[in-house]
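Undergrad:
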Amino acid sequence: MRHLFSLLMLVLLPVALSSGVLAFETAALQAILIDSATGTVLLEKDSDVPAPPASLSKLMTSYMVFEEIKMGGLALDDMLLVSEKAWRMGGSKMFVEVGDKVSVEDLLRGVVVQSGNDACIVLAETIAGSEAAFSDLMTDRAHEMGMSNSTFRNSTGWPDPEHRMSPRDIAFLTQRIVIDFPEFFPYFAEKEFTYNGIRQGNRNPLLYKNIGADGMKTGYTKESGYSLAATALRNDRRLILVLTGLDSARQRATEGERLLDYGFRKFNNYELFTSGETVESADVWLGDFSQVPLVIEDTLTVTLPRDSRDKLQVSVVFESPIPAPVKAGEIIATLLVETPDTKSIEL
Numbered sequence: 165m166r167h168l169f170s171l172l173m174l175v176l177l178p179v180a181l182s183s184g185v186l187a188f189e190t191a192a193l194q195a196i197l198i199d200s201a202t203g204t205v206l207l208e209k210d211s212d213v214p215a216p217p218a219s220l221s222k223l224m225t226s227y228m229v230f231e232e233i234k235m236g237g238l239a240l241d242d243m244l245l246v247s248e249k250a251w252r253m254g255g256s257k258m259f260v261e262v263g264d265k266v267s268v269e270d271l272l273r274g275v276v277v278q279s280g281n282d283a284c285i286v287l288a289e290t291i292a293g294s295e296a297a298f299s300d301l302m303t304d305r306a307h308e309m310g311m312s313n314s315t316f317r318n319s320t321g322w323p324d325p326e327h328r329m330s331p332r333d334i335a336f337l338t339q340r341i342v343i344d345f346p347e348f349f350p351y352f353a354e355k356e357f358t359y360n361g362i363r364q365g366n367r368n369p370l371l372y373k374n375i376g377a378d379g380m381k382t383g384y385t386k387e388s389g390y391s392l393a394a395t396a397l398r399n400d401r402r403l404i405l406v407l408t409g410l411d412s413a414r415q416r417a418t419e420g421e422r423l424l425d426y427g428f429r430k431f432n433n434y435e436l437f438t439s440g441e442t443v444e445s446a447d448v449w450l451g452d453f454s455q456v457p458l459v460i461e462d463t464l465t466v467t468l469p470r471d472s473r474d475k476l477q478v479s480v481v482f483e484s485p486i487p488a489p490v491k492a493g494e495i496i497a498t499l500l501v502e503t504p505d506t507k508s509i510e511l
């Protein structure tokens with residue numbers, strides 16, 4: 165594994181890692197496993213290929229609603245009218261009744277916990293006037309956020325040949341929800357929600373296992389197979405997992421637990437340098453000082469296989485001496501971080 169970091173004169177600025185991926189098999193058609201703190205990819209399989217996301221689309225619907233609340237366009241206690249279209253929508257339901265008014269908070273729980281298609285449409289129509297217009301907003305916002313392999317044609321994940329997301333985009337979106345909306349993220353850990361006298365359990369099987377799982381969403385259509393976006397926290401370390409194309413709900417649960425365990429067991433985060441630490445000194449030619457220190461600006465943490473920590477090699481690469489004048493923040497070198505026996509990449 166080989167990582168290159170930009171090294172600045174007087175400042176070393178660390179960047180997020182994309183790790184070399186160890187060989188590991190999964191039954192999923194597509195997969196990606198990411199360390200949340202460092203952005204390191206621990207496992208991936210066709211993770212940039214757009215595919216039918218099924219109800220994982222509702223993560224984007226939820227994100228749009230969270231943003232609308234944050235901007236003041238909605239409040240949790242606002243009461244929204246249920247249209248006939250929302251009431252008639254098939255698939256998984258919250259079981260709202262046409263003509264009823266339902267609070268935004270109940271509708272959000274209907275989306276997140278119950279995976280209610282009807283709840284999605286009520287929220288979409290309120291925000292954008294129609295589900296089609298809301299879908300366009302979803303696509304535009306996704307692209308603004310950098311999710312270039314995502315296109316939405318509805319708010320629910322209902323099958324459509326143009327409705328697509330890549331596993332990497334789904335993992336990125338999961339991370340954004342965790343970071344951007346800590347006040348709403350706990351909804352994804354709720355195991356059940358009762359509305360209109362009907363109690364429904366969260367379909368995320370990992371929430372019911374003692375593995376640190378605290379979100380996110382499941383999905384299924386005939387085309388997509390059984391899919392899962394999940395996040396788990398153990399010992400202050402968070403992983404994000406996305407799987408698609410599994411054959412059954414049981415396989416989804418088993419594979420999700422297995423891959424999260426793999427990520428926590430096989431890898432760990434290691435602090436290489438702390439903020440303000442001098443990494444190296446650079447010789448200066450014809451300057452007021454013969455040397456200047458290269459100091460790291462932010463603490464640098466990397467995710468590595470546990471058995472690679474003792475084999476880690478760190479070196480600073482630059483041409484010496486550096487001609488004066490030297491300005492603070494000037495890029496003059498790279499920090500090379502290497503471990504053996506894994507795929508080499510450069511940043």
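Positions in the sequence shown are counted from 1; adding 164 to them yields the numbering used here.
Using N, Cα and C, we set each Cβ at its ideal position, and we do this for glycine too.
Is Lys386 buried or exposed, if buried means 16 or more other CB atoms sit within 10 Å of its CB?
TA: exposed
Undergrad: Are Gly438 and Thr408 close, meaning C-beta to C-beta below 8 Å?
TA: Residue identity differs from the one stated: residue 438 is Thr in this sequence, not Gly. Not a contact, by the Cβ cut-off of 8 Å.
Undergrad: Any contact of the region 216-226 with the region 428-444, i.e. 3+ C-beta pairs under 8 Å?
TA: These segments do not touch.
Undergrad: I believe Glu421 touches Leu370 by the beta-carbon criterion, under 8 Å. Please report the beta-carbon distance rounded to the nearest angstrom.
TA: 6 Å
Undergrad: If you reduce the DSSP assignment to three classes, tell me which class Asn281 lands in.
TA: helix
Undergrad: Is the distance from the Cβ of Val286 to the Cβ of Leu301 below 8 Å?
TA: no
Undergrad: Have a look at Ser388, Asp411, Tyr426 and flag the residue whose alpha-carbon is nearest the alpha-carbon of Gly404.
TA: Here the sequence assigns Ile to residue 404, which means Gly is not the residue at that position. Cα-wise, what sits closest to Ile404 is Tyr426.
Undergrad: For Ile362, collect the residues of the same chain with a Cβ closer than 8 Å to its Cβ; drop the 5 residues on either side in sequence, then sort them by chain order.
TA: Phe259
Undergrad: Mind checking who Lys512 pairs with in its DSSP beta bridge?
TA: With the chain covering 165 to 511 only, the question about residue 512 has no answer from this structure.
Undergrad: Say yes only if the C-beta of Gln455 is nearer than 7 Å to one or more non-hydrogen atoms of the ligand SAH, and no if none qualify.
TA: This structure simply doesn't include the ligand SAH, nor any ligand for that matter.
Undergrad: Ordered along the chain, which non-local residues of its own chain (more than five positions away) have a Cβ less than 6 Å from that of Leu476?
TA: Thr503
Undergrad: Could you tell me which of Glu208, Thr204, Ser472, Ser330 sits nearest to Leu423, measuring between CA atoms?
TA: Glu208
Undergrad: Does Ile291 pass the burial test, meaning 16 or more other C-beta atoms within 10 Å, or should it be called exposed?
TA: Buried: at least 16 other Cβ atoms inside 10 Å.
Undergrad: I'd like to check one pair, Asp411 with Tyr390: are the Cβ atoms closer than 8 Å?
TA: yes
Undergrad: With a threshold of 16 other CB atoms inside 10 Å of the CB of Ile233, please say whether the residue is buried or exposed.
TA: buried
Undergrad: How big is the Cα-Cα spacing for Arg367 and Gln278?
TA: 8 Å
Undergrad: What does the alpha-carbon distance come out to for the pair Ala192 and Leu392?
TA: 10 Å
Undergrad: Is the separation between the beta-carbon of Val266 and that of Met243 shorter than 8 Å?
TA: yes
Undergrad: Just how far apart, CA to CA, sit Arg305 and Glu444?
TA: 42 Å
Undergrad: Can you give me the Cβ contacts of Arg340 inside the same chain, cut-off strictly under 8 Å, excluding the 5 residues immediately before and after it?
TA: Tyr227, Met309
Undergrad: Counting C-beta neighbours from all protein chains within 10 Å, is the total for Ala239 16 or more, i.e. buried, or is it exposed?
TA: Counting Cβ neighbours within 10 Å, Ala239 comes out exposed, since fewer than 16 surround it.
Undergrad: Does Leu410 come within less than 8 Å of chain C when only Cβ atoms are used?
TA: The displayed structure is made up of one protein chain only, and chain C is not part of it.
Undergrad: To which residues of the same chain is Arg402 closer than 8 Å at the C-beta, ignoring the five residues directly before and after it?
TA: In the same chain as Arg402, and ignoring 5 residues on each side of it, the C-beta atoms closer than 8 Å to its own belong to Asp199, Ser200, Ala201, Val342, Thr395, Ala396, in chain order.
Undergrad: Determine, using beta carbons only, whether Ser294 and Asn318 come nearer to each other than 8 Å.
TA: no
Undergrad: Where Lys222 and Val501 are concerned, what is the direct C-alpha to C-alpha distance, given to the nearest angstrom?
TA: 39 Å
Undergrad: Measuring CA to CA, which of Thr190, Ala446, Asp344, Met224 is closest to Leu316?
TA: Checking the sequence shown, residue 316 turns out to be Phe, not Leu. That would be Met224, whose Cα lies nearest to the Cα of Phe316.
Undergrad: Within 10 Å of its beta-carbon, does Asp471 have 16 or more other beta-carbons around it, so buried, or fewer, so exposed?
TA: exposed
Undergrad: Which residue spans inside the region 190-256 form an unbroken beta strand (DSSP E) run of at least 3?
TA: 194-199, 205-209, 243-245
Undergrad: Can you tell me where the alpha helix (DSSP H) with Lys381 in it begins and where it stops?
TA: That residue, Lys381, is in no alpha helix (DSSP H); its beta strand (DSSP E) goes 377-385.
Undergrad: Give me the DSSP bridge partner(s) of Gln455.
TA: Asp447
Undergrad: If you scan the region 320-382 from start to end, which runs of the alpha helix (DSSP H) of 4 or more residues do you find wholly inside it?
TA: Restricting attention to alpha helix (DSSP H) runs no shorter than 4 residues, the region 320-382 encloses them at 331-344, ordered along the chain.
Undergrad: Could you compute how far the alpha carbon of Ser479 sits from the alpha carbon of Leu499?
TA: 6 Å
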